[in-house]
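Residue numbers (our numbering), protein chains in the order written: chain C, 267 to 895; chain H, 5 to 142; chain V, 171 to 292. Glycine included, C-beta positions come from ideal geometry on N, C-alpha and C. All figures in this text were calculated on a predicted structure; none of them were measured in a lab. To start, the structure under review is shown below, and the notes come after it.
Here it is, written out as structure tokens:
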């Protein structure tokens, strides 16, 4: 649509609205509770917003929206507070300035200072929160839980609307709202923002965490008008989810220039190689290939740079969150954030945002007593980043965890006695295991550490808990800087190749038959002064058994803080690979963290030994203990 | 007129609308997927995308061992998935009005959306939606 | 073809934009109203096939006008026009009988998609 012919109309109408706004405001100052006056003022701002948005004048639209929101708040309150007049007038002045800019075909002037409230914000600060334009996925607090509703499940719901449904987007929106009231809505496609754009919605896909049975949720949906079909299935818990929405990153232009230079160099390199090849100059071919290797290393490095973001991007929300929690719990918490400038891959940071928040909540809910200190820090440790959440509160009580572990059948009394505290603390990451006696609103039912742990592990990291009764708790996450490109070890079993992230490998070794001992029914090998159990990867992957003979290659890895030896047929070698994340249905398979394509086009899946082993263990142990599935 | 790709699953004829199909690939190499359920035959490298290949006959409970080497790749809007079938038959044109509802019960377990009578034979129209939902519980 | 439309919006700017979209698509714009009172009046006289109804308007809001029109003509086909941040009003309108909603700033294809669906045209 050609908008240029609307330009003049925009200016004439907007001038009129601005004029009206000024006049109305002066009248209102004499009579600040004149409802009709406030209403009119609100409508004027609303009209300007609509027109400016249509013309694509972003700042003008944003400022008008800002004023509209403020006025909407005053409308609800019944009057304009005396202190707000100056700011509203300043807002109108600024709008006039913007319109002048547009008329003169200048870029719109900056409004951030005004909107963010470099000026007196207190005036608007007490207004009901304005609907933020950035509000993306709806998150709704978990409703107060009924005491017996201990088992929450995630439902994957697909609703199909009838053909010719009335106002399908609004219907879908009502469903989203209704479902959000029945539990915690993890996501919906389309999401609320998209639904608010209207249009022909035919299918709605949602994930809902709820304690209600799937059948009840389904029935309720089917009872709504214009619903053609509903499918509602229970999803196996799998915390890291990669949604299909496109991700964007901001890139410094300097970096883009470097890319262009690199592309140029690659082109010259190609010419050089072509010429060397045509003239059969082997020495030059070698030179060209060396140069190519260097260029690719540079390219790799720069691509990684593009994806890097400071940790501040996820710690930024913490002060606000801590303040809210302080208010809710009545505790006084002093928060220190360190190392915000440390950079990590954007995908890792995004995945960590929720776990971080959860650890902070846990620390305030269960760790810190009436008053205390909370430190969130990030630091580089060689190729890893250490993120630590540390409080000086109650600390974990190893004896209470031992008791509980025995009660729940996770450990035998003998095991409980012999397990070191450090390993014992890992048990708080077992789903449903919680030592918090009471259930609090903020941390749910003590669930959550299991989610934290599995997110960290899916990212190729590890989690450690250091604590002592009365001496506070430190939760340490060791994470790779980047997930997109990682080092892996390729191993082979039964002619099949799988990859193990190098961050999961302590070392490799060849074990001879003589070095293998039997302890109980478990084969072990002595490594320094440790006895390391040997586990067959064939068995873990459910491949045919093969008797061990000759020297046996093994990969030493760590599972729950303990060394294990993973026996394979053959160690193929180390590679640097680009990890592709998996989408449905491959993302439903446990123990696979991604896949990669090798130079010959073959596909190799990247396995996470710990998850694979825990899946096996969970299968037998928890079932026999009658615990939660 | 709509079109479907007809294929054999065991002794039965199934069909899938061509709009759901991106491509039929001639015997691509299958790569190992660790700890995959038996109904996943492996993964293929489809223009750089990693797609699992589902043995449709096994998945729907047909005991058939015969398999066409050609693999049906679904459009990415449907799912990142490819299907192996007993034998690919060919394209059949049909009118939406000619479809008959499947038998209650049967439609659920065998993922049949509707049935198309075609020259004395019955073609079961695959219910892709239901198939995908059933994959949710791997 | 020849769908008869009544456009209700207090801003001439918005009315003109919608009008252009409708005329280009071959619809007939039979009337325009600048507030809710006028809308109810015009509906009585013109009996259009479709009404696009702004929500925020002086004298009588779009939702009140919707309710008044539907009281007299229960099968009136009314589409609400809303701006960002008016979700509560949209839902209220749909529950009060609006057939659908379109969002400002107007996008030609979105507007026509909604109208065609309601009019049952391909």
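Practice task
May I ask you to check if the CB of residue 119 of chain H is nearer than 6 angstroms to at least one heavy atom of the ligand ATP?
Solution key: You won't find the ligand ATP in this model; it holds no ligand whatsoever.
Handout entry: Reduced DSSP secondary structure (H/G/I, E/B, other) of residue 577 of chain C
Key = Along the first chain, read from residue 1 onward, the residue named residue 577 of chain C stands at position 311. Here residue 577 of chain C sits in coil by DSSP.
Exercise for the section: Anything in the region 18-37 of chain H with a Cβ closer than 8 angstroms to a Cβ of chain C? List those residues in chain order, please. Expected result: 33, 35, 36, 37
Exercise for the section: Compare the C-beta of residue 287 of chain V against all C-beta atoms of chain C and say whether one is closer than 7 angstroms. Expected result: Here residue 287 of chain V corresponds to residue number 117 of the third chain, with the count starting at 1. Residue 287 of chain V counts as touching chain C.
Exercise for the section: Could you say which of C/321, C/871, C/294, C/290 lies nearest to residue 273 of chain C if we only look at CA atoms? Expected result: Taking the first chain and counting its residues from 1, the one referred to as residue 273 of chain C is at position 7. Of C/321, C/871, C/294, C/290, the residue nearest in Cα terms is C/321.
Problem - Close beta carbons around residue 270 of chain C, own chain, < 6 angstroms, minus the five adjacent residues each side - result: Position 4 of the first chain, counted from the first residue, corresponds to residue 270 of chain C. Contacts found: none.
Problem - Euclidean distance between Cα positions of residue 203 of chain V and residue 457 of chain C - result: In the third chain, the residue the question calls residue 203 of chain V occupies position 33. In the first chain, the residue the question calls residue 457 of chain C occupies position 191. Distance between the alpha carbons of residue 203 of chain V and residue 457 of chain C is about 34 angstroms.
Handout entry: Cβ-based contacts, 7 angstroms cut-off: residues of the region 253-273 of chain V near chain A
Key = Here chain A cannot be found, since the structure's protein chains are C, H and V.
Problem - Chain-ordered chain C contacts of residue 83 of chain H [CB-CB under 9 angstroms] - result: Residue 83 of chain H sits at position 79 when you count from the first residue of the second chain. Near residue 83 of chain H (Cβ distances below 9 angstroms), the residues of chain C are 849, 850, 851.
Handout entry: residue 323 of chain C (DSSP reduced to helix, strand or coil)
Key = As a position in the first chain, residue 323 of chain C is number 57, starting the count at 1. Three-state result, residue 323 of chain C: coil.
Practice task
Mind checking the region 47-67 of chain H against chain C and listing, in chain order, the residues whose C-beta falls within less than 9 angstroms of any C-beta there?
Solution key: 47, 48, 49, 52, 53, 54, 55, 56, 58
Practice task
Could you name the residues that DSSP lists as bridge partners for residue 871 of chain C?
Solution key: Here residue 871 of chain C corresponds to residue number 605 of the first chain, with the count starting at 1. Answer by DSSP bridge pairing, in chain order: C/764, C/861.
Handout entry: Element boundaries [alpha helix (DSSP H), containing residue 671 of chain C]
Key = One-based indexing of the first chain puts residue 671 of chain C at position 405. First-last of the alpha helix (DSSP H) with residue 671 of chain C: 664-673.
Exercise for the section: Give the secondary structure of residue 703 of chain C by DSSP, where H, G and I count as helix, E and B as strand, and everything else as coil. Expected result: For this step, residue 703 of chain C is matched to residue 437 along the first chain. In this predicted model, residue 703 of chain C has a pLDDT of only 47, less than 50, meaning its place in the structure is not dependable; the value taken from the coordinates is given anyway. Three-state DSSP puts residue 703 of chain C in coil, outside helix and strand.
Handout entry: For residue 729 of chain C and residue 566 of chain C, the rounded distance between their alpha carbons
Key = As a working mapping, residue 566 of chain C is identified with position 300 in the first chain. As a working mapping, residue 729 of chain C is identified with position 463 in the first chain. If I take the Cα positions, the gap works out to 28 angstroms.
Exercise for the section: State the start and end residues of the unbroken alpha helix (DSSP H) segment that holds residue 624 of chain C. Expected result: As a first step, residue 624 of chain C is located in the first chain; it is residue number 358 there, counting from the start. Segment 612-628, the alpha helix (DSSP H) holding residue 624 of chain C.
Exercise for the section: Can you give me the Cβ contacts of residue 209 of chain V inside the same chain, cut-off strictly under 6 angstroms, excluding the 5 residues immediately before and after it? Expected result: Position 39 of the third chain, counting from 1, holds the residue named residue 209 of chain V. Around residue 209 of chain V: 178, 203, 235.
Exercise for the section: Tell me whether residue 625 of chain C is buried or exposed, calling it buried when 16 or more other Cβ atoms sit within 10 Å of its Cβ. Expected result: Mapped onto the first chain, residue 625 of chain C falls at position 359. Result: buried.
Handout entry: beta strand (DSSP E) segment containing residue 50 of chain H, residue limits
Key = Your numbering for residue 50 of chain H matches position 46 in the second chain. First-last of the beta strand (DSSP E) with residue 50 of chain H: 44-50.
Problem - Start-end ranges of the beta strand (DSSP E) lying completely within the region 798-829 of chain C, minimum 3 residues - result: 818-825
Exercise for the section: Since I believe residue 6 of chain H is in contact with residue 19 of chain H (beta carbons under 8 angstroms), could you give me their beta-carbon distance rounded to a whole number of angstroms? Expected result: On the second chain, position 15 is the one that residue 19 of chain H refers to. On the second chain, position 2 is the one that residue 6 of chain H refers to. At roughly 10 angstroms, the Cβ-Cβ gap does not stay under 8 angstroms, so residue 19 of chain H and residue 6 of chain H are not in contact.
Handout entry: Cutoff 7 angstroms: residue 907 of chain C Cβ touching any chain H Cβ
Key = No information on residue 907 of chain C is available, as it lies outside the stretch 267 to 895 that chain C covers here.
Practice task
Inspect the beta-carbon positions of residue 797 of chain C and residue 39 of chain H and report whether they are closer than 7 angstroms.
Solution key: As a working note, residue 797 of chain C is residue 531 in the first chain. As a working note, residue 39 of chain H is residue 35 in the second chain. No; because the gap between Cβ atoms is not below 7 angstroms, this pair is not in contact.
Problem - Beta-carbon proximity check, residue 173 of chain V vs residue 219 of chain V, cutoff 7 angstroms - result: Along the third chain, one-based indexing puts residue 173 of chain V at 3. Along the third chain, one-based indexing puts residue 219 of chain V at 49. The answer is yes: Cβ separation under 7 angstroms.
Handout entry: Contact list for residue 180 of chain V against chain C, beta-carbon separation under 8 angstroms
Key = Counted from its first residue, the third chain places residue 180 of chain V at position 10. By Cβ distance, chain C contributes 309, 313.
Exercise for the section: Can you check DSSP and say which residues form a bridge with residue 86 of chain H? Expected result: Reading the second chain from its first residue, position 82 is the one you call residue 86 of chain H. The partner list for residue 86 of chain H (beta bridge, DSSP) reads H/57, H/77.
Exercise for the section: Work out the CA separation of residue 328 of chain C and residue 268 of chain V for me, nearest whole Å. Expected result: Indexing the third chain from 1 puts residue 268 of chain V at position 98. Indexing the first chain from 1 puts residue 328 of chain C at position 62. Distance between the alpha carbons of residue 268 of chain V and residue 328 of chain C: 28 angstroms.
Exercise for the section: Report the neighbours of residue 280 of chain V on chain C: residues whose CB is nearer than 9 angstroms to its CB, in chain order. Expected result: If you number the third chain from 1, residue 280 of chain V lands on position 110. Ordered by position in chain C, the residues that pass the 9 angstroms Cβ test against residue 280 of chain V are 463, 464, 465.
Problem - Status (buried if at least 16 other CB within 10 Å, exposed otherwise) for residue 395 of chain C - result: Locating residue 395 of chain C in the first chain gives position 129, counting from the first residue. In this prediction, residue 395 of chain C scores a pLDDT of 39, lower than 50, which makes its location untrustworthy; the coordinate-derived value is nonetheless stated afterwards. Result: exposed.
Handout entry: Partner residues on chain H for residue 764 of chain C, Cβ-Cβ distance less than 8 angstroms
Key = Walking along the first chain from the start, residue 764 of chain C turns up at place 498. In chain order: 36, 38.
Problem - Under 7 angstroms from the C-beta of residue 283 of chain V: neighbouring residues of chain C - result: Taking the first residue of the third chain as 1, we reach residue 283 of chain V at position 113. Within chain C, the residues near residue 283 of chain V are 465, 466.
Practice task
Determine the contact status of residue 664 of chain C and residue 693 of chain C, defining contact as a CB-CB distance below 7 angstroms.
Solution key: Against the first chain, residue 664 of chain C aligns to sequence position 398. Against the first chain, residue 693 of chain C aligns to sequence position 427. Not in contact: residue 664 of chain C and residue 693 of chain C (Cβ atoms no closer than 7 angstroms).
Exercise for the section: Give the single residue among V/175, V/215, V/262 whose Cα lies nearest to the Cα of residue 191 of chain V. Expected result: As a first step, residue 191 of chain V is located in the third chain; it is residue number 21 there, counting from the start. Cα-wise, what sits closest to residue 191 of chain V is V/175.
Exercise for the section: Specify the secondary structure class of residue 349 of chain C as computed by DSSP and reduced to three states. Expected result: One-based indexing of the first chain puts residue 349 of chain C at position 83. Here residue 349 of chain C sits in coil by DSSP.
Exercise for the section: Would you list, in chain order, the members of the region 855-871 of chain C that have their beta-carbon closer than 8 angstroms to a beta-carbon of chain H? Expected result: 855, 856, 857, 858, 861, 863, 867, 868, 869, 870, 871
Handout entry: Closer than 7 angstroms to chain C by CB, residue 78 of chain H
Key = As a first step, residue 78 of chain H is located in the second chain; it is residue number 74 there, counting from the start. No, no contact with chain C.
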